[in-house]
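In what follows, a single structure is set out as structure tokens and then discussed.
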Amino acid sequence: MDALSTLAFSLIVITAMVILIFRDWRINTAALTLQYLAVFYLVTLSWPIGLAIVKLIVGWMATAAIGLTCLRQIDFDTPAEPTSSLFFRGLAGLMIILVMFVISSTLQETVFPNVDLVIIRSGLMLVGMALMQLGTNAFPYLTIMSLLSFLAGFEVIHAALERSTLLIGLMASVNLGLALVGVYFIMKTNERTLVQKEEEDK
Amino acid sequence: MTLNTPILWVFLPLVISLITGIFYRRRILSLVITCTTGFGLGALAAFFPEDMVISIGSLTLTFVENLGILGRQINISYQILPFIAFIYFSTGLWAVGSTQPSVPESFRPTSLVVTALLTAALGVEPFLYAALFIQAAILFSIPMLSPLQSKTHPGILRYLNLQTLAMPFILLAGWLLSGVETLPPDSPLIVQTMIILGLGFGLWLAVFPFHSWVPMVSEKAHPLPVSFIIFIFPTAIALFSLNFLDRYTFLRTSQGLYQSLRAIGTLMIVLGGLWAAYQEDIKRAFGFSALAETGFLLLAIGLSDQVGLSWLLMLFPTHAISFWLWGFTLSLIETRTDSLSIRGLKGFARRYPVISSGLLIAQLSVAGLPLFATFPIKIALLSAGLTTSTGLGTWIFIGSLGLFFFTMRLLNDLVTPDEQQTSSHWTLTEKPSVYLPILLTILAVTIMGLFPHVILTNITDTLTAFSQLQ
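For the protein sequence lines, the chains are A and B, in the order given. Numbering-wise (the numbering used here), the first sequence opens with residue 1 and increments by one. Numbering-wise (the numbering used here), the second sequence opens with residue 1001 and increments by one.
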């Protein structure tokens, strides 16, 4: 594992933990942006930079769409949480890290013998954390972020298995489509908040 | 002049849906465009000449089955056209149902997009890329299930989550399948591949325990889009799944796979039926019944050694017509009453006899009552189930009773006079625009039940697209 791979892997673990623990959209958007940078580097281990950069651009576009929509909304701040919630999610995240470390070697031996361990580990970390996130929140924007993380994790591993221009194009469409669905959900929430406020004012 | 069939059945509806999307607030215009496109493309597929040449006066159009995109192909062959005809007709039918003002305006354009993407999914080569087209169709279905004005309910998020999780499993299974063909049958990798594939399809088809979104969405979303979604996705995915059986010998010859499909199908029928039986909310009951019907689809594939695949294809049109009637009547009921609980509908049939009859007949048709559309197929599946194993047949029968039981409960409350209503007399208050579509559909449901071989066998020609499964 070279230094850059280690750095990318560490960045993935940290950003995935941040997205899992915190609910603030600003922190999560920043974390997702960094996460896509790490994903980009890991994809370059399997694909030429010219193709791998599609993942970075698409990822950043998706993050920007969600982040900018959150920025434009009123009253979008999530309610304050007790420290115990953060602690619980942090603990759950640590458990996921442990589980993924244990299963990644076995998975490499049995299913993906030709794939670098750092790629499998990073992909599994993203998938595991995203699944945990999906199971512990009901915020539309966090759900979309988790799904984007989940797909990024899958793409890291799948990039090492298959390369096809159509697949890259379709995956990019799916990622952007998910981001647009996220924007749609955020706008819906805001529209309702506005209507409720107007009714209260009257 | 040479044209490609994918341009006709994939790209043309996508462009038309874009136009419909631009004019989505003009209800009549978007309705006419969507209906014309749905029925027009359906009719074209149904009557398309086998030599793929259409002559209009001096103009001769020669159609090619393939269209190359980025090194891959979309292939709409002549053999798959009966199914394409069917899904486009169904889209037209649902567009007709969307005349009601309560139906989300986004329904018509997005329903066309969903159908076009599912058509592309059935034709893309390599066929595993279909997973991405299906995922795109799922994303497009969100606005029709959760319109801008409504609250984002947890069911829709769960729907999005579970359906999105399916795509990686299918793509991964595709990669694994390319390597396991040459392995010996007892290789553990084959079992792992089948598990991954099963998880992908389980998530897509909302197989227990991934089913929770179905009743949640059916309870909260508008019934017409819900009926469209729970009809078109399982139908297209069930047909797509036949690709795997067709192409991989080890899957086709695996007795364990068919046994698992029969067991899971029966489990779905029993759970869906029993859950539906004691529901209070009529929209939730619809969701649970849809789960039981997915069970019948799986059971039919599991019984492929006993003509199960023909029954699978014959189930599609019966589901289409029954689900449409169910969704249509539910949406009419929703706008005419405050409560959608069984008790809240007391005496409803006395005020709206045709809508109530439509709802009851849709439910009884799906449940498999004699004379109605699904009966001939359900009885064939039940007999095949009993032939395979008495236990299996018994459980299928028990599961099928669930919806009957619910319908009887509903019937009792619909006809019982409500003490709070001033008049308990039977009156026909529905307008012709409401009762005519219902009566016509009831007639179609009955004709399908009486003459199944005349009406339903055309679609079984689709099986010719799967050379190893005929």
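Heads up, the beta-carbon is just placed ideally off N, CA and C, and yes, glycines get one too. This structure is a prediction, so every number in the text was calculated from the model and none was measured.
Partners in chain B for residue i, counting only beta-carbon separations shorter than 7 Å
i: Leu264 of chain A; result: Residue 264 of chain A cannot be examined here, being either before or after the span of chain A that is shown, 1 to 202.
i: Glu81 of chain A; result: Here the premise fails: no neighbours, minimum Cβ distance about 19 Å.
i: Leu161 of chain A; result: Trp1175
i: Phe40 of chain A; result: By Cβ distance, chain B contributes nothing, its closest Cβ being about 19 Å from Phe40 of chain A, past 7 Å.
i: Phe154 of chain A; result: Pro1168
Limits of the beta strand (DSSP E) - the one that residue i falls within
i: Asn1066 of chain B; result: 1066-1069
i: Arg1025 of chain B; result: Run containing Arg1025 of chain B: none; DSSP gives neither H nor E here.
i: Ser1055 of chain B; result: 1053-1056
i: Arg1072 of chain B; result: 1072-1075
i: Asn1004 of chain B; result: 1002-1004
Inter-residue CB distance, residue i and residue j (contact presumed, cutoff 8 Å)
i: Ala52 of chain A; j: Ile119 of chain A; result: With a Cβ gap of about 12 Å, Ala52 of chain A and Ile119 of chain A do not count as contacting.
i: Arg1169 of chain B; j: Ile1196 of chain B; result: Here residue 1169 of chain B is Phe; the residue named in the question, Arg, does not match the sequence. With 8 Å as the limit, Phe1169 of chain B and Ile1196 of chain B qualify as a contact, their Cβ atoms being about 5 Å apart.
i: Leu1315 of chain B; j: Phe1296 of chain B; result: 6 Å
i: Trp25 of chain A; j: Tyr141 of chain A; result: 6 Å
i: Val1207 of chain B; j: Met1268 of chain B; result: 6 Å
i: Phe1405 of chain B; j: Ala1277 of chain B; result: 4 Å
i: Ser122 of chain A; j: Phe9 of chain A; result: 5 Å
i: Ala1116 of chain B; j: Pro1013 of chain B; result: 4 Å
i: Glu1050 of chain B; j: Tyr1078 of chain B; result: 6 Å
Chain-ordered chain B contacts of residue i [CB-CB under 8 Å]
i: Ala138 of chain A; result: Pro1154, Leu1157
i: Tyr184 of chain A; result: Ile1142, Pro1143, Leu1148
i: Thr143 of chain A; result: Leu1157, Leu1160, Asn1161
i: Gly169 of chain A; result: Leu1070
i: Val111 of chain A; result: Leu1176, Leu1189, Gln1192
Interface residues of chain B facing residue i [CB-CB closer than 9 Å]
i: Lys188 of chain A; result: Ser1146, Pro1147, Leu1148, Gln1149, Ser1150, Lys1151, Thr1152
i: Ser164 of chain A; result: Leu1070, Gly1071, Arg1072, Pro1126, Tyr1129
Residue i to residue j span [Cα, whole Å]
i: Ala1290 of chain B; j: Met100 of chain A; result: 36 Å
i: Met1167 of chain B; j: Gly1174 of chain B; result: 11 Å
i: Gly1306 of chain B; j: Ala1384 of chain B; result: The displayed chain sequence assigns Gln, not Gly, to residue 1306 of chain B. Roughly 7 Å between the two C-alpha positions.
i: Asn1161 of chain B; j: Phe1328 of chain B; result: 27 Å
i: Phe40 of chain A; j: Leu1145 of chain B; result: 34 Å
i: Gln134 of chain A; j: Thr143 of chain A; result: In the sequence as presented, Gln is not what sits at residue 134 of chain A; that position holds Leu. Taking the straight line from one Cα to the other gives about 6 Å.
i: Phe1323 of chain B; j: Ser104 of chain A; result: 45 Å
i: Thr1462 of chain B; j: Leu1093 of chain B; result: 21 Å
i: Thr1387 of chain B; j: Leu1298 of chain B; result: 17 Å
i: Ser173 of chain A; j: Ala1137 of chain B; result: 11 Å
i: Leu1251 of chain B; j: Leu178 of chain A; result: 33 Å
i: Leu45 of chain A; j: Leu107 of chain A; result: 19 Å
i: Arg1284 of chain B; j: Leu1224 of chain B; result: 14 Å
i: Leu166 of chain A; j: Tyr1435 of chain B; result: 48 Å
i: Gln1420 of chain B; j: Ala1349 of chain B; result: 15 Å
i: Thr1002 of chain B; j: Met1052 of chain B; result: 10 Å
i: Ala138 of chain A; j: Ser1254 of chain B; result: 41 Å
i: Pro1215 of chain B; j: Gly1287 of chain B; result: 4 Å
i: Phe1244 of chain B; j: Trp1204 of chain B; result: 15 Å
i: Phe1023 of chain B; j: Leu1029 of chain B; result: 7 Å
Partner residues on chain A for residue i, Cβ-Cβ distance less than 7 Å
i: Ala1136 of chain B; result: Ser173, Val174, Gly177
i: Ile1355 of chain B; result: Here the premise fails: no neighbours, minimum Cβ distance about 31 Å.
i: Leu1014 of chain B; result: Chain A residues near Leu1014 of chain B: none, gap ~13 Å exceeds 7 Å.
i: Leu1171 of chain B; result: His158
Bounding residues of the alpha helix (DSSP H) (the contiguous stretch that carries residue i)
i: Arg1350 of chain B; result: 1348-1351
i: Asn1243 of chain B; result: 1223-1247
i: Gln133 of chain A; result: 117-136
i: Phe40 of chain A; result: 25-44
i: Phe1011 of chain B; result: Where Phe1011 of chain B is concerned, there is no enclosing alpha helix (DSSP H), given that its DSSP letter is neither H nor E.
i: Val1434 of chain B; result: 1432-1450
i: Thr1294 of chain B; result: 1282-1302
i: Asn1161 of chain B; result: 1154-1180
i: Asp1413 of chain B; result: 1390-1415
i: Gly1368 of chain B; result: Taken as a continuous stretch (DSSP letters only), Gly1368 of chain B belongs to no alpha helix (DSSP H), as it is neither H nor E.
i: Ile96 of chain A; result: 83-110
i: Ala957 of chain B; result: The requested residue 957 of chain B does not occur in the structure, where chain B is confined to residues 1001 to 1470.
i: Thr1329 of chain B; result: 1308-1334
Listed by chain order, chain A residues near residue i by CB distance under 9 Å
i: Thr1119 of chain B; result: Here the premise fails: no neighbours, minimum Cβ distance about 15 Å.
i: Tyr1248 of chain B; result: In chain order: nothing, as chain A lies at least about 18 Å away.
i: Leu1183 of chain B; result: Those within 9 Å of Leu1183 of chain B in chain A number zero; the least Cβ separation is about 13 Å.
i: Thr1164 of chain B; result: Leu147, Phe150, Leu151, Val174, Leu178
Beta-carbon neighbours of residue i, restricted to chain A and to distances below 8 Å
i: Lys1139 of chain B; result: The identity of residue 1139 of chain B in the sequence shown is Leu, whereas the question assumes Lys. Chain A residues near Leu1139 of chain B: Val174, Gly177, Leu178, Leu180, Val181.
i: His1132 of chain B; result: Just to set this straight, residue 1132 of chain B is Leu in the shown sequence, not His. Simply Leu167, Leu170, Met171, Ser173, Val174.
Residue i Cβ short of 6 Å to the ligand MG heavy atom set
i: Ile14 of chain A; result: Absence of the ligand MG is noted for the structure shown, with no ligands found whatsoever.
Practice prompt. Check each residue of the stretch 1071-1099 of chain B: if its Cβ is closer than 8 Å to any Cβ of chain A, include it; give the result in chain order.
Written response: Gly1071, Arg1072
Worksheet entry | Interfacial residues, the stretch 1250-1273 of chain B to chain A, with Cβ spacing under 7 Å | none
Worksheet entry | Members of the stretch 87-104 of chain A that neighbour chain B once the beta carbon cut-off is set at 9 Å | none
Worksheet item: Which residues, in order along the stretch 1175-1200 of chain B, keep a beta-carbon less than 8 Å from a beta-carbon of chain A?
Response: Trp1175, Leu1176, Pro1188, Leu1189, Gln1192
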